[in-house]
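For reference, the structure is listed below as structure tokens.
Number of protein chains: 2
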Amino acid sequence: MIDALVLPLASASDTAGILTDLFLVLVAAKLGDEVFKRIGQPAIVGEILGGVLIGPSVLGWVEVSEVLRVFSELGVVFLLFWVGLETRLSEMRAVGRIALTVGSAGVVLPFLVGIGFGLALGESTETSVFLGAALAATSAGITSATFLDLGIARSRAARTVLGAAVVDDILALILLSVAVGMAAEGGVDAAKIALALGIAIAFVAFVALGGTRLLQRRPKLLQAPRFADSPLLPAVILCLGLAAFSAQIGLAALIGAFLAGMIVAETKDQSSIEAEVRPLYAFFPPFFFAFIGIELDLGSLLNGDALLLLAAITVLAAATKLVPGYLGARRLGKAEASIVGIGMIPRGEVGIVVASIGAAEGVVDAELFAVVVGMSILTTLIAPFALRRLSRVST
Amino acid sequence: MIDALVLPLASASDTAGILTDLFLVLVAAKLGDEVFKRIGQPAIVGEILGGVLIGPSVLGWVEVSEVLRVFSELGVVFLLFWVGLETRLSEMRAVGRIALTVGSAGVVLPFLVGIGFGLALGESTETSVFLGAALAATSAGITSATFLDLGIARSRAARTVLGAAVVDDILALILLSVAVGMAAEGGVDAAKIALALGIAIAFVAFVALGGTRLLQRRPKLLQAPRFADSPLLPAVILCLGLAAFSAQIGLAALIGAFLAGMIVAETKDQSSIEAEVRPLYAFFPPFFFAFIGIELDLGSLLNGDALLLLAAITVLAAATKLVPGYLGARRLGKAEASIVGIGMIPRGEVGIVVASIGAAEGVVDAELFAVVVGMSILTTLIAPFALRRLSRVST
Numbered sequence: 012m013i014d015a016l017v018l019p020l021a022s023a024s025d026t027a028g029i030l031t032d033l034f035l036v037l038v039a040a041k042l043g044d045e046v047f048k049r050i051g052q053p054a055i056v057g058e059i060l061g062g063v064l065i066g067p068s069v070l071g072w073v074e075v076s077e078v079l080r081v082f083s084e085l086g087v088v089f090l091l092f093w094v095g096l097e098t099r100l101s102e103m104r105a106v107g108r109i110a111l112t113v114g115s116a117g118v119v120l121p122f123l124v125g126i127g128f129g130l131a132l133g134e135s136t137e138t139s140v141f142l143g144a145a146l147a148a149t150s151a152g153i154t155s156a157t158f159l160d161l162g163i164a165r166s167r168a169a170r171t172v173l174g175a176a177v178v179d180d181i182l183a184l185i186l187l188s189v190a191v192g193m194a195a196e197g198g199v200d201a202a203k204i205a206l207a208l209g210i211a212i213a214f215v216a217f218v219a220l221g222g223t224r225l226l227q228r229r230p231k232l233l234q235a236p237r238f239a240d241s242p243l244l245p246a247v248i249l250c251l252g253l254a255a256f257s258a259q260i261g262l263a264a265l266i267g268a269f270l271a272g273m274i275v276a277e278t279k280d281q282s283s284i285e286a287e288v289r290p291l292y293a294f295f296p297p298f299f300f301a302f303i304g305i306e307l308d309l310g311s312l313l314n315g316d317a318l319l320l321l322a323a324i325t326v327l328a329a330a331t332k333l334v335p336g337y338l339g340a341r342r343l344g345k346a347e348a349s350i351v352g353i354g355m356i357p358r359g360e361v362g363i364v365v366a367s368i369g370a371a372e373g374v375v376d377a378e379l380f381a382v383v384v385g386m387s388i389l390t391t392l393i394a395p396f397a398l399r400r401l402s403r404v405s406t
Numbered sequence: 012m013i014d015a016l017v018l019p020l021a022s023a024s025d026t027a028g029i030l031t032d033l034f035l036v037l038v039a040a041k042l043g044d045e046v047f048k049r050i051g052q053p054a055i056v057g058e059i060l061g062g063v064l065i066g067p068s069v070l071g072w073v074e075v076s077e078v079l080r081v082f083s084e085l086g087v088v089f090l091l092f093w094v095g096l097e098t099r100l101s102e103m104r105a106v107g108r109i110a111l112t113v114g115s116a117g118v119v120l121p122f123l124v125g126i127g128f129g130l131a132l133g134e135s136t137e138t139s140v141f142l143g144a145a146l147a148a149t150s151a152g153i154t155s156a157t158f159l160d161l162g163i164a165r166s167r168a169a170r171t172v173l174g175a176a177v178v179d180d181i182l183a184l185i186l187l188s189v190a191v192g193m194a195a196e197g198g199v200d201a202a203k204i205a206l207a208l209g210i211a212i213a214f215v216a217f218v219a220l221g222g223t224r225l226l227q228r229r230p231k232l233l234q235a236p237r238f239a240d241s242p243l244l245p246a247v248i249l250c251l252g253l254a255a256f257s258a259q260i261g262l263a264a265l266i267g268a269f270l271a272g273m274i275v276a277e278t279k280d281q282s283s284i285e286a287e288v289r290p291l292y293a294f295f296p297p298f299f300f301a302f303i304g305i306e307l308d309l310g311s312l313l314n315g316d317a318l319l320l321l322a323a324i325t326v327l328a329a330a331t332k333l334v335p336g337y338l339g340a341r342r343l344g345k346a347e348a349s350i351v352g353i354g355m356i357p358r359g360e361v362g363i364v365v366a367s368i369g370a371a372e373g374v375v376d377a378e379l380f381a382v383v384v385g386m387s388i389l390t391t392l393i394a395p396f397a398l399r400r401l402s403r404v405s406t
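Protein chains in written order, with the numbering used here: chain A, 12 to 406; chain B, 12 to 406.
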């Protein structure tokens with residue numbers, strides 16, 4: 012953080028520091044976006060690298076803080092809310108079976124390979140399970156943003172990846188519960204995990220089916236309150252509420268936000284709500300992308316062993332998502348199956364969250380943490396480039 | 012904060028708790044808004060009382076936290092940015108002299124009366140100076156929101172109050188520097204205070220004059236970057252940047268935001284930017300109003316002495332702003348002078364901030380803090396009711 016330029020008051024710096032951080036992060040993200048657009052490269056990669064630039068890796072102007080983490084979280088929440096607004100339940104159902112295959116295979120394979128790799132390196136079982144869970148995570152945020160950028164967010168392949176990401180996150184909830192249970196003293200509590208799983212599935216099914224039906228029948232519901240000059244605020248409240256509930260039951264907040272968007276999309280006035288949500292969608296997501304870059308600490312990666320480990324884990328991470336994604340979606344044809352396979356690769360923020368939990372539980376050390384963050388960023392950087400190339404060839 | 016409903020994971024609760032807080036605050040604010048609109052009363056009072064309801068005073072569901080404070084700060088930043096978008100520099104100049112009189116008289120009188128009252132109560136000089144500074148503060152946020160609500164935000168009286176609030180804040184910067192200097196060991200550093208004052212005045216003048224001229228000459232400037240599909244993000248970046256800079260030099264962040272709005276208003280495409288900023292203006296300000304209510308702790312006010320003190324200080328606070336405001340604006344006629352006088356009464360968040368700084372410096376004790384917060388809220392509640400009545404009579 013930059014020090015206050017003048018410090019006449021001992022106390023004014025709190026607000027000033029936070030507002031300055033928010034300003035710097037937004038500027039860095041949009042500067043990266045600008046440069047990458049000008050050289051014809053994916054904008055979100057530019058935003059992430061903007062975060063790397065001002066973060067501890069290079070300039071050190073901005074550090075990880077609770078406030079930035081919340082803005083990052085709201086960034087991915089509004090990103091997936093936006094994606095949900097573009098998605099119909101019927102379209103999701105059409106890809107349901109393939110998404111289920113891709114999602115579950117794409118969790119089980121990297122999880123097992125991650126554990127095996129960890130054990131082969133001589134790590135403890137607990138640490139290896141965390142490595143597996145970090146490899147199993149998929150970031151719906153990064154891939155969705157890339158699809159939006161390429162104008163193929165409503166394509167069958169994009170919907171398949173999104174559906175697979177939802178399946179993925181429900182399964183990841185179980186894996187992470189197992190991992191935390193093993194690391195904590197108490198051990199794994201199967202009944203508790205089954206309960207959590209039941210609640211998660213019931214939540215997704217109830218909201219997706221009940222919520223869309225409710226708003227199909229009463230499309231004016233969001234405009235009923237008098238405080239709502241427009242349907243925006245009720246829709247945003249729904250989004251925040253479902254995101255918070257998702258997080259409360261152990262799912263990613265973005266799942267609730269995605270479902271909220273899908274429900275709101277059923278109202279007749281969907282196009283007006285899109286116009287109104289657009290500014291929130293323009294404001295928050297850059298914090299999400301830049302924050303990924305701010306979390307990187309290049310310093311602890313710059314030694315031969317760490318780099319070798321990073322390379323190996325990144326290759327494993329890419330392969331164990333690409334192969335099941337491609338094979339699971341093979342029925343859609345080679346081109347679309349490739350898009351699905353590559354779309355599953357980014358670990359984004361989810362891999363970093365899993366690693367942070369492992370670090371908090373004391374089973375992931377500083378070097379492995381830096382390696383997982385590095386892997387999350389590298390897999391995140393691969394997909395936009397590859398998808399861009401593929402979508403040019405296939406469309 | 013509500014506990015996680017289910018806690019399968021030890022670690023998922025962080026994000027969940029914060030998202031839940033944001034959800035609860037937004038719901039409480041808009042529920043208060045809804046109820047007050049239905050009974051024909053000022054919506055922002057409803058939003059503040061919504062905050063009181065879920066805050067420690069009643070239900071205790073939400074506590075003061077750093078994240079909520081930042082959202083509250085952004086609430087008032089986007090509120091004043093919005094007000095700035097509705098304001099032209101030429102209009103501000105037209106009321107300049109009256110605003111200067113109202114602003115300076117409205118700081119000096121309550122400051123001196125506050126010190127006198129504190130000394131009469133037997134408080135120390137340091138404590139009395141803080142009480143004076145808390146009484147001297149004006150909240151441009153509350154009054155502006157009320158003017159917007161009543162549809163008189165562009166009236167001469169409204170612009171006078173706004174101009175006076177800017178003058179007020181620059182003077183309050185000096186008073187607060189003096190108060191902090193006296194409370195700290197080092198004593199008052201006149202040279203440092205003069206420097207801070209010079210920087211503050213130079214900043215406001217340079218931005219207001221130079222900024223508007225620049226965008227008058229190059230109205231397409233905000234659309235130049237490629238990341239800007241619309242002028243929204245560059246304008247928001249400008250708003251955050253000037254707000255952060257304002258806070259860095261010891262002014263209220265909202266002054267920078269107001270100036271940013273006024274500059275952006277000079278671009279030709281002002282109406283499109285207003286449509287785009289509206290969702291941010293709908294989303295953030297409720298956090299500002301509700302947060303004022305959350306900061307109230309009714310518990311420490313519920314004894315005879317505290318209530319008596321609260322009543323006395325509130326009457327002094329109202330009178331010492333009303334009288335100089337009315338007299339200073341007397342030239343505008345009785346009706347407008349009354350609006351100006353009443354418009355200056357709300358202390359809102361500024362009184363609370365001053366009291367917090369005093370508490371941090373150890374010269375404002377818990378009871379006096381609660382009294383100042385109570386006074387800030389009561390003066391804040393008076394104005395919307397009174398202005399509503401007045402504007403009905405006079406228009």
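No residue lacks a Cβ here, since even glycine has one placed at the ideal position from N, Cα and C.
For the C-beta of Gln-227 (chain A), not a single chain B residue is nearer than 7 Å; the gap to the nearest is close to 24 Å. For Ile-363 (chain B), the three-state secondary structure derived from DSSP is helix. Residue-level contact by beta carbon holds for Leu-243 (chain A) and chain B, with a gap shorter than 8 Å. Between the stretch 286-293 of chain A and the stretch 86-95 of chain A there are three or more inter-stretch CB-CB distances shorter than 8 Å, so the stretches are counted as touching. Less than 8 Å separates the beta-carbon of Ala-258 (chain A) from that of Leu-30 (chain B). Taken atom to atom, the span from the alpha-carbon of Val-177 (chain B) to that of Ile-212 (chain B) is near 10 Å. Taken through DSSP and simplified to helix, strand or coil, Gly-373 (chain A) comes out as coil. With fewer than 16 other CB atoms across the displayed protein chains lying within 10 angstroms of its CB, Thr-136 (chain B) is exposed. For Gly-192 (chain A), the enclosing alpha helix (DSSP H) has its first and last residue at 167-194. Counting only Cβ-Cβ distances below 7 Å, Ala-27 (chain B) has contacts in chain A at Ala-255, Ala-258, Gln-259, in chain order. Listed along chain A are Glu-77, Val-78, each with a C-beta nearer than 7 Å to that of Glu-77 (chain B). When C-alpha distances from Leu-184 (chain A) are compared across A:Thr-171, A:Leu-173, A:Ala-144, A:Ala-202, the shortest belongs to A:Ala-144. The beta carbon of Asp-44 (chain B) sits closer than 8 Å to some beta carbon of chain A. Taking all protein chains in view, the Cβ of Arg-400 (chain A) is surrounded by fewer than 16 other Cβ atoms within 10 Å, so the residue is classified as exposed. Around the beta carbon of Phe-217 (chain B), fewer than 16 other beta carbons lie within 10 angstroms, which makes this residue exposed. With a contact defined as Cβ atoms closer than 8 Å, Leu-343 (chain A) and Ile-109 (chain A) qualify at about 7 Å.
Taken atom to atom, the span from the alpha-carbon of Val-140 (chain A) to that of Asp-25 (chain A) is near 40 Å. At a C-beta separation below 8 Å, Phe-238 (chain A) has these neighbours in chain B: Lys-41, Asp-44, Glu-45, Lys-48, Ala-54.
Between Phe-128 (chain B) and Pro-121 (chain B), the alpha-carbon positions lie close to 10 Å from each other. Following the DSSP letters along the chain, one finds Arg-108 (chain B) inside the alpha helix (DSSP H) bounded by residues 107-131.
Under the Cβ criterion (8 Å, minimum of three pairs), the stretch 68-85 of chain A counts as touching the stretch 292-308 of chain A. The shortest CA-to-CA distance from Val-334 (chain A) to any of A:Phe-214, A:Pro-236, A:Gly-57, A:Ser-349 is the one to A:Ser-349. In this model, Thr-391 (chain B) and Ala-317 (chain B) are separated by some 19 Å (Cα to Cα). Pro-53 (chain B) sits in coil when the DSSP states are folded into three classes, being neither helix nor strand. With a beta-carbon spacing of about 5 Å, Arg-170 (chain A) and Val-106 (chain A) fall inside the 8 Å limit used to define contacts.
Residues of the stretch 287-319 of chain A that bring their beta carbon within less than 9 Å of a beta carbon in chain B comprise Glu-287, Val-288, Arg-289, Pro-290, Leu-291, Ala-293, Phe-294, Pro-297, in sequence order.
For Gly-373 (chain A), the closest Cβ of chain B is not nearer than 8 Å.
Listed along chain B, the residues sitting closer than 9 Å to Ala-264 (chain A) by beta-carbon distance are Thr-26, Ala-27, Leu-30.
Of B:Leu-64, B:Val-113, B:Lys-41, B:Leu-100, the smallest CA-CA separation from Val-351 (chain B) is found for B:Val-113.
Every unbroken stretch of the alpha helix (DSSP H) spanning 4 or more residues and falling wholly within the stretch 247-291 of chain B is given here in chain order: 264-275. Taking the beta carbon of Gly-209 (chain A) as reference, no residue of chain B falls within 8 Å; the closest one sits roughly 10 Å away. Contact of Val-38 (chain A) with chain B is assigned, a C-beta pair being separated by under 8 Å. Against Glu-84 (chain B), the close residues of chain A are Thr-26, Ile-29, Leu-30, in the order they occur along the chain (beta-carbon pairs closer than 9 Å). Within chain A, not a single residue places a beta-carbon under 8 Å from that of Val-69 (chain B); the smallest gap is close to 21 Å. By alpha-carbon distance to Ala-329 (chain B), the top candidate from B:Asp-160, B:Leu-132, B:Gly-162, B:Ser-387 is B:Ser-387.
In this structure, Ile-153 (chain A) keeps its C-beta atom at 8 Å or more from the C-beta atom of Ser-402 (chain A).
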